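Sequential numbering from 1 applies to the sequence shown in our numbering.
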Amino acid sequence: MSRLKRWLREALLLVLIVAAALWGMDWLRAPQLPADLAQQPLTSLQGEVNLAELSQHRPVLVYVWATWCGVCKLTTPTVAAMSQEGDKVVSVALRSGSDARVATWLEKKGLQGVAINDESGAIGQRWDINATPTFIVLHQGKVISTSSGWTSGWGLKLRLWWASR
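1. Quick check on the DSSP output: the alpha helix (DSSP H) that includes Ala115 runs from which residue to which?
2. Can you find the residues in the same chain that come closer than 6 Å, C-beta to C-beta, to Ile129, ignoring five residues on each side of it along the sequence?
3. Can you list, in chain order, the residues of its chain whose CB lies under 6 Å from that of Pro59, leaving out five sequence neighbours each side?
4. Go ahead and label Ser2 buried or exposed: buried means 16 or more other beta carbons lie within 10 angstroms of its beta carbon, across all protein chains shown.
5. Closer than 7 Å by C-beta to Leu74: which residues in its own chain qualify, once you throw out the five before and the five after it? Chain order, please.
6. With a threshold of 16 other CB atoms inside 10 Å of the CB of Ile17, please say whether the residue is buried or exposed.
7. Out of Ala21, Leu8, Ala81, Ala19, which has the shortest C-alpha to C-alpha gap to Gly153?
8. Out of Val114, Val102, Lys109, Ala103, which has the shortest C-alpha to C-alpha gap to Val89?
9. Taking the alpha carbon of Leu37 as the reference point, which residue from Leu54, Met25, Pro133 has its own alpha carbon closest?
10. Alpha carbon to alpha carbon, how far is Arg95 from Asn117?
11. Rounded to a whole number of angstroms, what is the C-alpha to C-alpha distance between Leu8 and Pro41?
12. Tell me whether the beta-carbon of Leu61 lies closer than 8 Å to the beta-carbon of Leu156.
13. Within this structure, are the beta carbons of Val143 and Leu22 separated by less than 8 Å?
14. Is Val92 near Leu45, with beta carbons less than 8 Å apart?
15. Using beta carbons (cut-off 8 Å, strictly below), is Thr67 in contact with chain C?
16. Given a threshold of 16 other Cβ atoms within 10 Å of its Cβ, counted over all protein chains shown, does Leu4 qualify as buried or as exposed?
17. Count the other CB atoms, across all protein chains shown, that sit within 10 Å of the CB of Val66; report buried if there are 16 or more and exposed otherwise.
18. Assuming Leu111 and Thr76 make a contact with CB atoms under 8 Å, what is their CB distance in whole Å?
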């Protein structure tokens, strides 16, 4: 019994250390988003989009990714599944090529919803995106949370649920 207690205590300590390290990395990589982020008009592959309007009734997940991003290859299937399940997702392709290339990539991955091609990286620069993927949760035009790097599907769902409270 003593060995089990010690093992559990050490496992808990390890989980806390890993959680603190991940939180710290997320805090360091967090973009300094402009206050008017949701009010800025954006041009998507589908036409003009306003994030404030899109996020008025339900939270929106803004997924900033790139075709050349290794971690994005791991997170995109999760985000694609969320978009197919009806979660509002706006994807922003950061320096990933032409509109046609981005559209083909999105179709291949099954990522539905509004798609913005930031071919020159101007949006990423304006939003201070330092890492891909970056996840931004908006609700009623306000940034509720940001996260960069790998995250789980349940973590994203939890963020969207929390934003709606």
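Yeah, the Cβ is synthetic: ideal placement off N, Cα and C, and Gly gets one too.
Keep in mind that this is a model prediction, so the values were computed, not measured.
Let's see:
1. Looking up residue 115 in the sequence shown gives position 115. Looking at the DSSP string, Ala115 is not in any alpha helix (DSSP H); the run it does join, the beta strand (DSSP E), is 114-118.
2. Locating residue 129 in the sequence shown gives position 129, where the first residue counts as 1. Pro31, Val64, listed in sequence order.
3. Numbered from 1 along the sequence shown, position 59 holds the residue referred to as residue 59. Around Pro59: Val137, His139, Leu160, Ala163, Ser164.
4. In the sequence shown, counting from the first residue as 1, residue 2 sits at position 2. Counting Cβ neighbours within 10 Å, Ser2 comes out exposed, since fewer than 16 surround it.
5. Stepping through the sequence shown from its first residue, residue 74 is reached at position 74. Cβ neighbours of Leu74 beyond the five flanking positions: Trp150.
6. As a first step, residue 17 must be located in the sequence shown, where it is residue number 17. Classification for Ile17: exposed.
7. As a working note, residue 153 is residue 153 in the sequence shown. Closest by C-alpha distance to Gly153, out of Ala21, Leu8, Ala81, Ala19, is Ala81.
8. The residue labelled residue 89 in the question sits at position 89 within the sequence shown. For Val89, the nearest C-alpha among the options comes from Val114.
9. For this step, residue 37 is matched to residue 37 along the sequence shown. Taking only the C-alpha atoms, the option nearest Leu37 is Leu54.
10. Along the sequence shown, one-based indexing puts residue 95 at 95. Along the sequence shown, one-based indexing puts residue 117 at 117. The straight-line gap from Cα to Cα measures roughly 8 Å.
11. Locating residue 8 in the sequence shown gives position 8, counting from the first residue. Locating residue 41 in the sequence shown gives position 41, counting from the first residue. Near 51 Å, if we compare the C-alpha coordinates of Pro41 and Leu8.
12. Stepping through the sequence shown from its first residue, residue 61 is reached at position 61. Stepping through the sequence shown from its first residue, residue 156 is reached at position 156. Judged by their CB atoms, Leu61 and Leu156 are nearer to each other than the 8 Å cut-off.
13. To locate residue 143, count along the sequence shown from 1; it is residue 143. To locate residue 22, count along the sequence shown from 1; it is residue 22. Result no, Cβ atoms of Val143 and Leu22 do not sit closer than 8 Å.
14. Your numbering for residue 92 matches position 92 in the sequence shown. Your numbering for residue 45 matches position 45 in the sequence shown. Cβ distance not < 8 Å, so Val92 and Leu45 don't count as in contact.
15. No chain C appears in the structure shown, which is made up of a single protein chain.
16. Position 4 of the sequence shown holds residue 4. With fewer than 16 other Cβ atoms inside 10 Å of its own Cβ, Leu4 counts as exposed.
17. Residue mapping note: residue 66 aligns to position 66 of the sequence shown, counting from 1. Residue 66 is actually Ala in this sequence, not Val. Buried.
18. The residue labelled residue 111 in the question sits at position 111 within the sequence shown. The residue labelled residue 76 in the question sits at position 76 within the sequence shown. Confirmed, Cβ separation roughly 6 Å.
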